[in-house]
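Counting in our numbering, the sequence shown runs without a single skipped number right up to 180 at its last residue.
By construction, the Cβ of each residue, glycine as well, lies at the ideal position given by its N, Cα and C atoms.
Working notes for the structure below.
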Amino acid sequence: MDKGVLRRYLDLPQPDDKIMATYVWIDGTEENLRGKTRTIDQEPKSHKDLPWWNFDGSSTGQAEGSNSDIYLKPVAIYNDPFMLGKNKLV
Numbered sequence: 091m092d093k094g095v096l097r098r099y100l101d102l103p104q105p106d107d108k109i110m111a112t113y114v115w116i117d118g119t120e121e122n123l124r125g126k127t128r129t130i131d132q133e134p135k136s137h138k139d140l141p142w143w144n145f146d147g148s149s150t151g152q153a154e155g156s157n158s159d160i161y162l163k164p165v166a167i168y169n170d171p172f173m174l175g176k177n178k179l180v
């Protein structure tokens, strides 16, 4: 990827009252990381301030069949070293 294009998008202004929370987990292969990002209306003070989030586990090798919802339960939060600002890794 062209670094100029990446920088253009990373430098887009972010509203002061919004943060991006990137949920990170190991997929069903136990070798790859996965992530989903959501916008949160206020900065969480604890992982308990963040909602559980679901996804289709069949796409990551973590579930089979028609009942494949997997839930992401926050257990820790860290300042996001990639997105900077108030954004968090979960």
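Along the chain, which unbroken stretches of the alpha helix (DSSP H) at least 4 residues long are found entirely within the segment 103 to 173? none
Residue(s) in a DSSP beta bridge with K178: A111, N169
Find out if the Cβ-Cβ distance for the pair T112, N177 is shorter than 9 Å. yes
Using C-beta distances below 6 Å, list every residue in its chain close to K126, excluding the 5 sequence neighbours before and after it, in chain order. Y113
Give me the Cβ distance between H137 and P171, rounded to the nearest whole Å; I'm assuming they're in contact under 8 Å. Not a contact, Cβ separation roughly 18 Å.
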